[in-house]
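Novice: Encoded as structure tokens, here's the structure I'll be asking about.
Numbering (the working numbering), first residue to last: 1 to 237.
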């Protein structure tokens with residue numbers, strides 16, 4: 001782990017330990033640089049990461065403050081969510097309508113001869129590096145006007161623009177090695193380590209609106225997880 005990431009994680013830990021409390025002023029860049037024995041540039045880069053994920057805000061002339069949003073989601077950040085949308089580009093491989101197989105029928109709770117899904121594949125690019133291949137399916141009946149311009153941007157913005165309310169996601173992580181086909185899309189060697197992420201997006205009405213499979217290079221993620229005494233007790237049986 002490089003110094004920037006270590007410092008960002010350590011400050012994040014201190015925020016969740018309530019050493020740095022919501023609304024209170026944090027130490028200055030200079031004080032943090034002295035504390036971690038690094039340059040102010042390194043501190044600035046670590047703070048930028050925390051600003052990008054919404055944990056802190058820097059007010060010019062006033063200082064650094066912890067935001068109130070830090071406990072609202074168990075996901076603190078991952079390698080892509082720490083980036084702003086404007087810093088992520090999408091290369092569209094395809095967008096097409098498909099007939100769902102049995103598994104997709106179960107996932108989306110649809111059936112019938114006329115049931116259709118959108119399927120698209122895109123490569124996500126950060127700082128000119130290809131970081132992620134995403135293959136996503138969505139119900140055609142929910143988004144009949146979906147087009148390539150929309151999937152170049154934030155699809156979740158588009159979902160909300162269609163007046164759907166997103167409730168939550170169910171996500172599974174599995175370490176994998178990159179296939180020959182995916183290596184060609186990511187400009188990397190076949191067999192390098194990657195993270196496969198399967199994501200189901202759920203609306204407020206309980207319907208699945210998205211099923212995604214992603215292959216990610218250089219992936220890292222941090223979570224805030226409350227201790228569950230019931231689960232702990234069950235595992236001891």
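Each residue gets a CB set at the ideal place from its N, CA and C atoms; glycine is no exception. Predicted model, so just to flag it, every value in this text is computed and none were measured.
On the CB-based measure, 16 or more other CB atoms within 10 Å of its CB, does residue 243 come out buried or exposed?
Specialist: Outside the displayed span of the chain (1 to 237) sits residue 243, for which this structure offers no information.
Novice: Which same chain residues, not among the five before or five after residue 200, have their C-beta less than 6 Å away from its C-beta?
Specialist: Within the same chain, residue 200 has close Cβ partners 170, 208 and 211.
Novice: Name the residue from 42, 26 and 24 whose alpha carbon lies nearest to the alpha carbon of residue 6.
Specialist: Here the closest residue by C-alpha is 42.
Novice: Check whether the segment 120 to 127 and the segment 84 to 94 are in contact - that is, three or more C-beta pairs closer than 8 Å.
Specialist: Flag = yes, the segment 120 to 127 and the segment 84 to 94 touch.
Novice: Do you know how far the Cα of residue 57 is from the Cα of residue 179?
Specialist: Residue 179 and residue 57: Cα-Cα distance of roughly 40 Å.
Novice: Starting from residue 24, follow the beta strand (DSSP E) in both directions and report where the run begins and ends.
Specialist: Per DSSP, residue 24 belongs to no beta strand (DSSP E) and is neither H nor E.
Novice: One question on the structure: do residue 15 and residue 66 come within less than 7 Å of each other, judged by their Cβ atoms?
Specialist: Yes, Cβ-Cβ distance for residue 15 and residue 66 is below 7 Å.
Novice: Alpha carbon to alpha carbon, how far is residue 2 from residue 101?
Specialist: Answer to the nearest angstrom: the Cα atoms are 44 Å apart.
Novice: Round the Cβ separation of residue 63 and residue 28 to the nearest angstrom and send it over; I've been treating them as touching at under 8 Å.
Specialist: About 7 Å separates the two Cβ atoms, so the contact holds.
Novice: Determine the closest residue to residue 9 out of 175, 47 and 23, with distance taken between C-alpha atoms.
Specialist: Looking at the Cα atoms, 47 is the closest of the given residues.
Novice: Please state the DSSP three-state secondary structure of residue 218.
Specialist: Three-state DSSP puts residue 218 in coil, outside helix and strand.
Novice: Quick one: give me the first and last residue of the beta strand (DSSP E) that residue 2 is part of.
Specialist: Careful: residue 2 lies outside any beta strand (DSSP E) and carries neither H nor E.
Novice: With H, G and I counted as helix, E and B as strand and the rest as coil, what does DSSP make of residue 117?
Specialist: In the structure shown, residue 117 sits in a strand (DSSP, three-state: E or B).
Novice: May I ask you to verify whether the segment 106 to 123 touches the segment 135 to 153, counting CB pairs closer than 8 Å and requiring at least 3?
Specialist: Result yes; three or more Cβ-Cβ pairs closer than 8 Å.
Novice: To the nearest angstrom, how far is the alpha carbon of residue 205 from that of residue 113?
Specialist: Each residue's Cα considered, the two are about 25 Å apart.
Novice: Which two residues bound the contiguous alpha helix (DSSP H) that contains residue 138?
Specialist: Run containing residue 138: none in the alpha helix (DSSP H); it sits in the beta strand (DSSP E), 129 to 139.
Novice: Whole-angstrom Cβ separation of residue 99 and residue 118, contact assumed at under 8 Å?
Specialist: Going by Cβ atoms, the distance from residue 99 to residue 118 rounds to 12 Å, so no, they are not a contact pair.
Novice: Assuming residue 189 contacts residue 174 (C-beta within less than 8 Å), just tell me the rounded distance between them.
Specialist: Rounded, the Cβ-Cβ distance is 20 Å, inconsistent with contact.
Novice: Mapping the DSSP letters down to three states, classify residue 209 as helix, strand or coil.
Specialist: In the structure shown, residue 209 sits in a strand (DSSP, three-state: E or B).
Novice: For residue 181 and residue 116, I'd like the C-alpha separation in whole angstroms.
Specialist: Those two C-alpha atoms are separated by around 26 Å.
Novice: Look at residue 139 and residue 108 and say whether their C-beta atoms are less than 7 Å apart.
Specialist: In contact: residue 139 and residue 108 (Cβ atoms closer than 7 Å).
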